[in-house]
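Visitor: My questions will all concern the structure given below.
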Amino acid sequence: MPERRRIASLPDRLPDRLTALRTPADPGFWRSPVRGVRFTAVLGLVLLVGLTLLFVTGLLSYAAYNPDLDPVNDKTPDKGLLGFYLFAWPTGPHWLYRLTQGLHVTVGIVLVPVLLAKLWSVIPRLFALPPARSVGHALERISLLLLVGGALFEFLTGLLNIQLDYLFPGSFYTLHFYGAWVFLAGFVAHVALKLPQAVRVLRSGIPRGEPDTPAAPDPLAAPDPLPATLSRRGALAMVGAGSLLLLITSAGRSFDGPLRRIALLTPRGGTEQGPGPNAFQVNKTAAAVRITPADTGERWRLTVRGPAGELRFSRAELLAMEQHSAALPIACVEGWSTSDQLWRGVRLSDLAALAGYPDSPPDVFVESLQRSGSFRKAALRDNQVRDGRSLLALEVNGAPLSPDHGYPARIIVPAAPGVLNTKWVETLTFGEL
Ligand code: HEM
Numbered sequence: 007m008p009e010r011r012r013i014a015s016l017p018d019r020l021p022d023r024l025t026a027l028r029t030p031a032d033p034g035f036w037r038s039p040v041r042g043v044r045f046t047a048v049l050g051l052v053l054l055v056g057l058t059l060l061f062v063t064g065l066l067s068y069a070a071y072n073p074d075l076d077p078v079n080d081k082t083p084d085k086g087l088l089g090f091y092l093f094a095w096p097t098g099p100h101w102l103y104r105l106t107q108g109l110h111v112t113v114g115i116v117l118v119p120v121l122l123a124k125l126w127s128v129i130p131r132l133f134a135l136p137p138a139r140s141v142g143h144a145l146e147r148i149s150l151l152l153l154v155g156g157a158l159f160e161f162l163t164g165l166l167n168i169q170l171d172y173l174f175p176g177s178f179y180t181l182h183f184y185g186a187w188v189f190l191a192g193f194v195a196h197v198a199l200k201l202p203q204a205v206r207v208l209r210s211g212i213p214r215g216e217p218d219t220p221a222a223p224d225p226l227a228a229p230d231p232l233p234a235t236l237s238r239r240g241a242l243a244m245v246g247a248g249s250l251l252l253l254i255t256s257a258g259r260s261f262d263g264p265l266r267r268i269a270l271l272t273p274r275g276g277t278e279q280g281p282g283p284n285a286f287q288v289n290k291t292a293a294a295v296r297i298t299p300a301d302t303g304e305r306w307r308l309t310v311r312g313p314a315g316e317l318r319f320s321r322a323e324l325l326a327m328e329q330h331s332a333a334l335p336i337a338c339v340e341g342w343s344t345s346d347q348l349w350r351g352v353r354l355s356d357l358a359a360l361a362g363y364p365d366s367p368p369d370v371f372v373e374s375l376q377r378s379g380s381f382r383k384a385a386l387r388d389n390q391v392r393d394g395r396s397l398l399a400l401e402v403n404g405a406p407l408s409p410d411h412g413y414p415a416r417i418i419v420p421a422a423p424g425v426l427n428t429k430w431v432e433t434l435t436f437g438e439l
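Just so you know, we're using this note's numbering here: the sequence shown kicks off at 7 and counts up by one.
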């Protein structure tokens, strides 16, 4: 018996330089004095609020594409039951998508240090052996796999997509959508299991940064801690400072002026576009989608289809129709947005009337001249066509559209994601989607 005790405690008595011989499965391998359930619980509660907001705004972002309207809006196959919550995306308030998507991307960026700190705080548990002690424990470990794998996957695909424009052409929505539901399954199970513990620990008054008493053993505290160089409060402050820095350098891409200039870390932040009516942010340029001046010159015609047949209009004919104005922003799925721009053009509902729907405009299918790139075609719902601010815009801020903003004509609809505001429009087909 004394011999067994001697062997069991041997690693604890090894000099520091020999601790490298321990494996991650030994509790003594992890020696940071910062780890502890209180530290983990604080980060967990921040994640509970932040990830819930992230999930809800993510679902809203998906609904904003009207994915149940037409397969061109979204090719996610077999979403079936997961599409239960989809609804007709409204057109008001006109800044709705600017808000929901700006929040989604900003919260996702700001939570990165919190997520990494949370994973760091529980890493000894991921190596604990045996991997499963019972059927219940095995199920819990599987839910952790969904949680950790799902969280890392969602953050990675989201960040790559905003930083490297269209890295996953056509497949980002599918990957990010299914990944979110996998993550949610693990998240719900984890919160159900750990929330009571997190609340108890934070209420119970275990002294902050103090070693735990034998009466309240801390399952995450190092059994053989190194001398502290930072308190737990200090470590939490560092995580908070990291998140604050990310907030300052990213959130401003949704605002003009100084805020955009300090948004150095995200696309469409950092610099302003200079003076001029067309000087506001562009997602894809005409050159990027291979549109030439010949495509948009004198020979360009808009085709409008409906029960009245197939009508064709030159830009001059469109300019001769009744013109309407609307002050609307461009809000991108990547989280950046512009302030309201003053668009002018023909109401979509007026074009629907010409196409043979004088009383109640139906859905419309929009096709662009663009030769490459995603969202060459998009469907808009009847409520969007009906809104008097939904235009086939010909001008912006008092000048003709620039080639990069969609000359000769583009769609602009209140509260719709930027990519549904199709540029370089060639054909509008009303009804029978
Ligand atoms: C993406 C989000 C999250 C990830 C990736 C994550 C990951 C983990 C992992 C891997 C563990 C170790 C589990 C074990 O082996 O026992 C853990 C423990 C814990 N988590 Fe989370 N978690 C997340 C969110 C949360 C939330 C929202 C809460 C609070 C409600 C929370 C509270 C806790 C607590 C209190 C523990 C300590 C359990 C213990 O060792 O006694 N976590 N977390």
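For every residue, glycine included, the Cβ atom is placed at its ideal position computed from N, Cα and C.
#1: CB residue 120 to CB residue 245, shorter than 8 Å?
#2: Could you tell me the boundaries of the alpha helix (DSSP H) in which residue 207 lies?
#3: Along the alpha helix (DSSP H) that carries residue 160, what are the first and last residues, could you check?
#4: Is there contact between the stretch 312 to 322 and the stretch 358 to 374, where contact requires at least three CB pairs shorter than 8 Å?
#5: Which residue wins for smallest C-alpha separation from residue 46, given the options 225, 383, 258, 266?
#6: Pull up the distance between the alpha-carbon of residue 2 and that of residue 149, whole angstroms please.
#7: Judging by CA-CA distance, which residue of 34, 428, 425 is the nearest neighbour of residue 228?
#8: Using only the alpha-carbon positions, how far apart do residue 130 and residue 142 sit?
#9: If you follow the alpha helix (DSSP H) that residue 249 is in, where does it begin and where does it stop?
#10: Going along the chain, which residues of its own chain have a beta-carbon closer than 8 Å to the beta-carbon of residue 106, five neighbours each way excluded?
#11: Name the residue from 177, 333, 154, 247 whose alpha carbon lies nearest to the alpha carbon of residue 79.
#12: Within 10 angstroms of its Cβ, does residue 49 collect 16 or more other Cβ (buried), or is it exposed?
#13: Which whole-angstrom value is the C-beta distance of residue 422 and residue 103, which I expect to be below 8 Å?
#14: For residue 319, collect the residues of the same chain with a Cβ closer than 6 Å to its Cβ; drop the 5 residues on either side in sequence, then sort them by chain order.
#15: Could you tell me how far apart the beta carbons of residue 402 and residue 252 are, in whole angstroms, since I believe they sit closer than 8 Å?
#16: Is DSSP giving residue 220 helix, strand or coil here?
#17: Whole alpha helix (DSSP H) runs in the stretch 295 to 340 with 4 or more residues, listed along the chain?
#18: Sorted by chain position, which residues of the same chain lie with C-beta nearer than 6 Å to residue 152's C-beta, five sequence neighbours on each side aside?
#19: Return yes when the C-beta of residue 169 is under 7 Å from any heavy atom of the ligand HEM, and no when it is not.
#20: Within 10 angstroms of the Cβ of residue 198, are there 16 or more other Cβ atoms? Answer buried if so, exposed if not.
#21: Considering only residues of the same chain and omitting the five flanking positions on each side of residue 215, which have a CB-CB separation below 7 Å?
#22: Is there at least one non-hydrogen atom of the ligand SAH closer than 7 Å to the beta-carbon of residue 46?
#23: In whole angstroms, what separates the C-alpha of residue 40 from that of residue 157?
#24: So what does DSSP say about residue 376, is it helix, strand or coil?
#25: Using only alpha-carbon positions, find the residue among 362, 295, 430, 109 that is nearest to residue 407.
#26: Residue 390 and residue 97 look like a contact to me (Cβ under 8 Å); what is the Cβ gap, rounded to whole Å?
#27: Would you report the Cα separation of residue 398 and residue 203, rounded to the nearest angstrom?
#28: According to DSSP, is residue 384 helix, strand or coil?
#29: Please report the distance separating the alpha-carbon of residue 267 from that of residue 258.
#30: Quick check on residue 435: buried or exposed, where buried means 16 or more other Cβ atoms within 10 Å of its Cβ?
#31: Kindly identify the DSSP beta-bridge partner or partners of residue 343.
#32: Which residue marks the beginning of the beta strand (DSSP E) containing residue 455, and which one marks its end?
#33: Since residue 336 and residue 376 should fall inside the 8 Å C-beta cutoff, what is the C-beta to C-beta distance between them, to a whole number of angstroms?
#34: Can you list, in chain order, the residues of its chain whose CB lies under 7 Å from that of residue 61, leaving out five sequence neighbours each side?
#35: Please state whether DSSP places residue 232 in a helix, a strand or coil.
#36: Looking at residue 232 and residue 380, is the spacing between their C-beta atoms short of 8 Å?
Guide: If we stick to the structure as given:
#1: Cβ atoms of residue 120 and residue 245: closer than 8 Å.
#2: Unbroken alpha helix (DSSP H) run through residue 207: 178 to 210.
#3: Run containing residue 160: 141 to 169, per the alpha helix (DSSP H) assignment.
#4: Touching, yes, given that three or more Cβ pairs across the two stretches are closer than 8 Å.
#5: Of the candidates 225, 383, 258, 266, the one whose C-alpha sits nearest the C-alpha of residue 46 is 225.
#6: This structure leaves residue 2 out entirely; the chain is present only between 7 and 439.
#7: Nearest option by C-alpha distance: 34.
#8: Cα-Cα distance, rounded: 20 Å.
#9: Here the alpha helix (DSSP H) through residue 249 covers 238 to 254.
#10: 63, 66, 67, 70.
#11: The shortest Cα separation from residue 79 among 177, 333, 154, 247 belongs to 177.
#12: Here residue 49 is buried. Its C-beta has 16 or more other C-beta atoms within 10 Å.
#13: The C-beta separation of residue 422 from residue 103 comes to about 6 Å, placing the pair in contact by the 8 Å criterion.
#14: For residue 319, where only same-chain residues beyond five positions count, the Cβ hits under 6 Å are 308.
#15: With a Cβ gap of about 32 Å, residue 402 and residue 252 do not count as contacting.
#16: Summary for residue 220: the model assigns pLDDT 47, below 50, so the residue's position carries little reliability; its value from the coordinates is reported in the next sentence. Correct three-state label for residue 220: coil.
#17: Segments of the alpha helix (DSSP H) lying fully in the stretch 295 to 340: 299 to 302, 321 to 326.
#18: Closer than 6 Å at Cβ, skipping near neighbours: 188, 191, 192.
#19: Set against 7 Å, the gap from the CB of residue 169 to the closest heavy atom of the ligand HEM is not smaller.
#20: With fewer than 16 Cβ atoms within 10 Å of its Cβ, residue 198 is classed as exposed.
#21: A caution first: residue 215 carries a pLDDT of 48, below 50, which makes its placement in the model unreliable, though a value can still be read off. Closer than 7 Å at Cβ, skipping near neighbours: 237, 238, 239.
#22: This structure lacks the ligand SAH; the ligands present are the ligand HEM.
#23: Cα-Cα distance, rounded: 23 Å.
#24: It is coil, neither helix nor strand.
#25: Checking every option, the nearest Cα to that of residue 407 belongs to 430.
#26: The pair is a contact, with the Cβ atoms about 6 Å apart (cut-off 8 Å).
#27: Computed Cα separation, rounded: 56 Å.
#28: For residue 384, the secondary structure class from DSSP, reduced to helix, strand or coil, is strand.
#29: Their Cα atoms are separated by approximately 7 Å.
#30: Residue 435 should be labelled buried.
#31: In the DSSP output, where bridge partners are listed per residue, residue 343 has 337.
#32: Only positions 7 to 439 of the chain appear in the structure, and residue 455 is not among them; the question remains open.
#33: For a cut-off of 8 Å, the C-beta gap from residue 336 to residue 376 is around 17 Å, too long to register as a contact.
#34: Taken in chain order, the residues that qualify are 186, 190.
#35: It is coil, neither helix nor strand.
#36: It is not a contact, given that the beta carbons lie outside the stated cut-off.
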